[in-house]
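Colleague: What follows is a single structure, and I will ask about it in a moment.
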């Protein structure tokens, strides 16, 4: 992407592929094993990278104290895919219906907080409006998010909560597509023992509406009903080097036909290293 900035007014225009405003770019969980896809992604965290234009405006530019910023953006429309390129399975909207988002962000030396909102409308009838559609012709995608973090001595607390409907295009509903309502979020507690050693405890969850998931089975839903993710990691930092040990545990509830219920769980142990150039 490219930034066009005016230092005198505190205005920046970002043009190109970038994280949308629902993704917690300033508030991602700490993890060396999960960076590009952070802990809780699609299990408490939503958002994705799209071509778009974002206007970022400092509020109270040049004043002292907490720094406020308002971001508004329009991003490429998206839905399911890859698949048929003329109907509701397309990877992009048939018409130019951008995703519209806004975020209000405030930050001081030891804390930050933000609220964000998302809206888009997806026409499932495809090119020419003639394709057969499942359940309904259009889906309104709406989402709201609130998050923040606080550094208190050796502790750092992070978290967010969100609620929405039709958020599959931004990795909501555990990457299921349809008029599916959901609630999710994550929380992480970190503690720095020494300048080199720290530990973090994480929990995230995503809970789509069960009736909606079942209604859209085979039409963008694959039966994922609820997911809970827990992680514990230990990190060592020395100069440009980071070393990490992480244990992750996940439990997914699902259905294949709307009647049965299956619970699947698993563990992952990771050893990671990072060098900062």
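Residue numbers (the working numbering): 120 to 396.
Glycine included, C-beta positions come from ideal geometry on N, C-alpha and C.
1) State buried or exposed for residue 161, treating a residue as buried only when at least 16 other CB atoms are found within 10 Å of its CB.
2) Quick check: residue 174 and residue 225, are their CB atoms within less than 8 Å of each other?
3) Between which two residues does the alpha helix (DSSP H) holding residue 329 run?
4) From residue 251 to residue 127, what does the alpha carbon distance come to, in whole angstroms?
5) So does the segment 183-193 actually touch the segment 343-352, counting three or more Cβ pairs closer than 8 Å?
6) Which one or two residues does DSSP pair with residue 372 in a beta bridge?
7) Decide yes or no for the touch test of the segment 309-324 against the segment 175-183: beta carbon pairs closer than 8 Å, at least 3 of them.
8) Among the candidates 294, 342 and 365, whose CA atom is the shortest distance from the CA of residue 383?
9) For residue 221 and residue 248, I'd like the C-alpha separation in whole angstroms.
10) Check whether the Cβ atoms of residue 124 and residue 142 lie closer than 8 Å to each other.
11) At 3 residues or longer, and completely inside the segment 130-169: list those beta strand (DSSP E) runs for me, N to C.
12) Quick check: the segment 190-199 against the segment 142-160, are there 3 or more CB pairs under 8 Å?
13) Considering Cα atoms alone, identify which of 396, 242, 163 and 184 is closest to residue 306.
14) Over the uninterrupted beta strand (DSSP E) stretch that includes residue 198, give me the two end residues.
15) Using CA atoms only, rank isn't needed, just tell me which of 235, 360 and 298 is closest to residue 330.
16) Looking at the secondary structure, which residues open and close the beta strand (DSSP E) in which residue 302 lies?
17) Please state whether DSSP places residue 387 in a helix, a strand or coil.
18) Which stretch, first to last residue, makes up the beta strand (DSSP E) that contains residue 396?
19) Roughly how many whole angstroms lie between the Cα atoms of residue 266 and residue 236?
20) Considering just the uninterrupted stretch of the beta strand (DSSP E) at residue 121, what are its terminal residues?
21) Label residue 255 either buried or exposed according to how many other C-beta atoms from any shown protein chain fall within 10 Å of its C-beta, with 16 as the threshold for buried.
Modeller: Considering the structure as presented:
1) Taking the first residue of the chain shown as position 1, residue 161 is located at position 42. Label assigned to residue 161: buried.
2) Here the question's residue 174 lines up with position 55 in the chain shown. Here the question's residue 225 lines up with position 106 in the chain shown. For residue 174 and residue 225, no; Cβs fall outside 8 Å.
3) Here residue 329 is taken as the residue at index 210 of the chain shown, counted from 1. Segment 329-334, the alpha helix (DSSP H) holding residue 329.
4) Position 132 of the chain shown, counted from the start, is the residue given in the question as residue 251. Position 8 of the chain shown, counted from the start, is the residue given in the question as residue 127. Approximately 53 Å, taken between the alpha carbons.
5) no
6) Along the chain shown, one-based indexing puts residue 372 at 253. BP columns for residue 372 point to 345 and 382.
7) no
8) As a working note, residue 383 is residue 264 in the chain shown. Ranking the options by Cα distance to residue 383, first place goes to 342.
9) Counting from one through the chain shown, the residue named residue 221 turns up at place 102. Counting from one through the chain shown, the residue named residue 248 turns up at place 129. Between residue 221 and residue 248, the C-alpha separation is close to 29 Å.
10) Numbered from 1 along the chain shown, position 5 holds the residue referred to as residue 124. Numbered from 1 along the chain shown, position 23 holds the residue referred to as residue 142. No, they are not a contact pair.
11) 130-138
12) no
13) Residue 306 sits at position 187 when you count from the first residue of the chain shown. Among 396, 242, 163 and 184, the Cα nearest to that of residue 306 is on 163.
14) Residue 198 sits at position 79 when you count from the first residue of the chain shown. Segment: none, residue 198 is in no beta strand (DSSP E) and carries neither H nor E.
15) As a first step, residue 330 must be located in the chain shown, where it is residue number 211. Among 235, 360 and 298, the Cα nearest to that of residue 330 is on 298.
16) Looking up residue 302 in the chain shown gives position 183. Taken as a continuous stretch (DSSP letters only), the beta strand (DSSP E) holding residue 302 covers 300-311.
17) The residue given as residue 387 occupies position 268 in the chain shown. Here residue 387 sits in strand by DSSP.
18) Your numbering for residue 396 matches position 277 in the chain shown. Note, residue 396: premise wrong, no beta strand (DSSP E); not H, not E.
19) Taking the first residue of the chain shown as position 1, residue 266 is located at position 147. Taking the first residue of the chain shown as position 1, residue 236 is located at position 117. Each residue's alpha carbon lies about 12 Å from the other.
20) Here the question's residue 121 lines up with position 2 in the chain shown. Residues 121-125.
21) Indexing the chain shown from 1 puts residue 255 at position 136. By the neighbour-count rule (16 or more Cβ atoms within 10 Å), residue 255 is not buried but exposed.
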